[in-house]
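Participant:
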Amino acid sequence: MRSNLAALVTLVLALVGSAHEHDYEDQMPFNYVKYPYQAAYYPGDNEVTADSIFSGITTFAKLPWVQCLGKDRDATFDIAFIGAPFDTGTSYRPGARFGPAGIRAGSRRLTLYGGYNVPLEVNPFQSGLKVVDCGDIPVTPYDNKYALKQIEEGHKQLLHRRTYTSLGNDTLTGQPLTPISLDGKNHPRVVTLGGDHTIVLPLLRSIYSAYGPISVIHFDSHLDTWKPSVFGGAPSEQAAINHGTYFYWAGQEGLIKNGSSIASISFLFQYPSFSFRMSSNTLILVCPLNTARCHSHDTIRASRLRK
């Protein structure tokens, strides 16, 4: 019995010894992030670290906060997160103005060292691109027309800024990448946190200024292509623009291309068929999530989508 106990103690000591020999310098502690941006020094070793995931100011994924529309309006970046706290275009439940704050709070678990994407085989936070959180666009809750213009102009200011890094080469071919913008320049990528769906219209207007009409991939419960006279009754010019009609207006203004897709989750039809051509030159594909195919007909049969 004593020999077995002695052998067990010897084994434990050997394991402990081997553990101490392991190179801990290569391991990343789980309670903080090693990352070269402004933060407090970790006590004792003069090593720059970020806050714990439960502390510090709440930016998206604890990214550096840059006042892109304020004192840092000359700052450059490659990818920017910006909030659009707008919810006065909704017909049912308000509260989406708190969406940007809620998304940022939920992103606390996204850490700069733990953002590796397995299918894409990349950690965007460590890709050499400069990623920042620009805060929120100032949006008035009292005047929808003015608020939508604020969102458009705020987004446009970021979109037309110089990038921090050059465009680089295609990862597959190795050939230099060519900008697809109208001016031939490389523009930053802007990720907007909403906000009710009405904000899509001013964002498309901003994007149009750099790229012209684009194709949209839209995941939603509803189609959001209603004519204003049908959805809301359009009692005024501004009431005609809301969270159910913005794609109608995007089609009328030529902001989106044929080939845009909507993945509709729970849309309810009123008639056996549904006319879906938004304008004379804009037709959207509908991809119901219970099927593996999209429907591109002018008239979409409800029986295909109702399940």
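With mature numbering (1 follows the signal peptide of the UniProt record, and there is no 0) applied, the sequence shown corresponds to residues -19 to -1, 1 to 288, in that order. Positions of the beta carbon are idealized from the N, C-alpha and C atoms, including for glycine. Everything numeric in this text was worked out from a predicted model, so none of it was measured.
Is it right to say Glu133 is buried, meaning 16 or more other beta carbons lie within 10 angstroms of its own, or is it exposed?
Facilitator: Along the sequence shown, read from residue 1 onward, the residue named residue 133 stands at position 152. It counts as buried.
Participant: What do you get for Tyr127, buried or exposed, if any count of 16 or more other CB atoms within 10 angstroms of its CB means buried?
Facilitator: As a first step, residue 127 must be located in the sequence shown, where it is residue number 146. Burial call: exposed.
Participant: His3: buried (16+ other C-beta within 10 angstroms of its C-beta) or exposed?
Facilitator: Locating residue 3 in the sequence shown gives position 22, counting from the first residue. Because His3 carries a pLDDT of 43, less than 50, the predicted location of this residue cannot be relied on, and no value is offered for it.
Participant: Who pairs with Val172 in a beta bridge, going by DSSP?
Facilitator: Numbered from its first residue, the sequence shown carries residue 172 at position 191. According to DSSP, Val172 bridges with Phe62.
Participant: Can you check which of these residues, Asp151, Thr179, Asp201, Gln138, is closest to Ser187 by C-alpha distance?
Facilitator: Start at 1 with the first residue of the sequence shown, and residue 187 comes out as number 206. The residue with the shortest Cα to Cα distance from Ser187 is Gln138.
Participant: Which residues does DSSP pair with Asn167 in a beta bridge?
Facilitator: Residue 167 sits at position 186 when you count from the first residue of the sequence shown. Answer is none; Asn167 lacks a bridge partner.
Participant: Closest to Asp205 by CA distance: which of Trp230, Pro216, Ala215 is it?
Facilitator: Walking along the sequence shown from the start, residue 205 turns up at place 224. Ranking Trp230, Pro216, Ala215 by Cα distance to Asp205 puts Trp230 first.
Participant: Tell me which same chain residues have a C-beta within less than 6 Å of the C-beta of Ser217, skipping the five on either side of it?
Facilitator: Sequence index remark: in the sequence shown, residue 217 carries index 236 (1-based). Around Ser217: no qualifying Cβ.
Participant: Quick one: residues in its chain with C-beta nearer than 8 Å to the C-beta of Asp59, no 5 flanking neighbours on either side, listed in chain order?
Facilitator: As a working note, residue 59 is residue 78 in the sequence shown. The answer, listed in chain order, is Leu110, Lys111, Val112, Thr144, Tyr145, Thr146, Pro169, Arg170.
Participant: By the three-class DSSP mapping on this structure, what secondary structure does Gly213 have?
Facilitator: Your numbering for residue 213 matches position 232 in the sequence shown. Gly213 falls in the coil class under three-state DSSP.
Participant: For Ile237, which beta-bridge partners are listed by DSSP?
Facilitator: Translated into the one-based positions of the sequence shown, residue 237 becomes position 256. According to DSSP, which records beta bridges pairwise, Ile237 is partnered with Ile195.
Participant: Express the C-alpha separation of Gly225 and Ile180 in angstroms, rounding to a whole number.
Facilitator: Sequence index remark: in the sequence shown, residue 180 carries index 199 (1-based). Sequence index remark: in the sequence shown, residue 225 carries index 244 (1-based). Going by the C-alpha atoms only, they are around 11 Å apart.
Participant: So for residue 291, helix, strand or coil by DSSP?
Facilitator: Nothing can be reported for residue 291, as the shown portion of the chain is limited to -19 through 288.
Participant: Using the beta-carbon count (16 or more within 10 Å), is Asn125 buried or exposed?
Facilitator: Counting from one through the sequence shown, the residue named residue 125 turns up at place 144. Looking at its Cβ environment, which holds 16 or more other Cβ atoms inside 10 Å, Asn125 is buried.
Participant: Go ahead and label Ile63 buried or exposed: buried means 16 or more other beta carbons lie within 10 angstroms of its beta carbon, across all protein chains shown.
Facilitator: In the sequence shown, counting from the first residue as 1, residue 63 sits at position 82. Looking at its Cβ environment, which holds 16 or more other Cβ atoms inside 10 Å, Ile63 is buried.
Participant: Which same chain residues, not among the five before or five after Asp53, have their C-beta less than 6 Å away from its C-beta?
Facilitator: Looking up residue 53 in the sequence shown gives position 72. Cβ within range, chain order: Val47.
Participant: Taking just the CA atoms, how far does Leu184 sit from Ile198?
Facilitator: Along the sequence shown, read from residue 1 onward, the residue named residue 198 stands at position 217. Along the sequence shown, read from residue 1 onward, the residue named residue 184 stands at position 203. Ile198 and Leu184: Cα-Cα distance of roughly 14 Å.
Participant: Could you check where the beta strand (DSSP E) with Gly116 kicks off and where it finishes?
Facilitator: Residue 116 sits at position 135 when you count from the first residue of the sequence shown. Run containing Gly116: 112 to 117, per the beta strand (DSSP E) assignment.
Participant: Tell whether a beta-carbon distance below 8 Å holds between Asp177 and Gly70.
Facilitator: Translated into positions along the sequence shown, residue 177 becomes position 196. Translated into positions along the sequence shown, residue 70 becomes position 89. Against a cut-off of 8 Å, the Cβ pair of Gly70 and Asp177 comes out as a contact.
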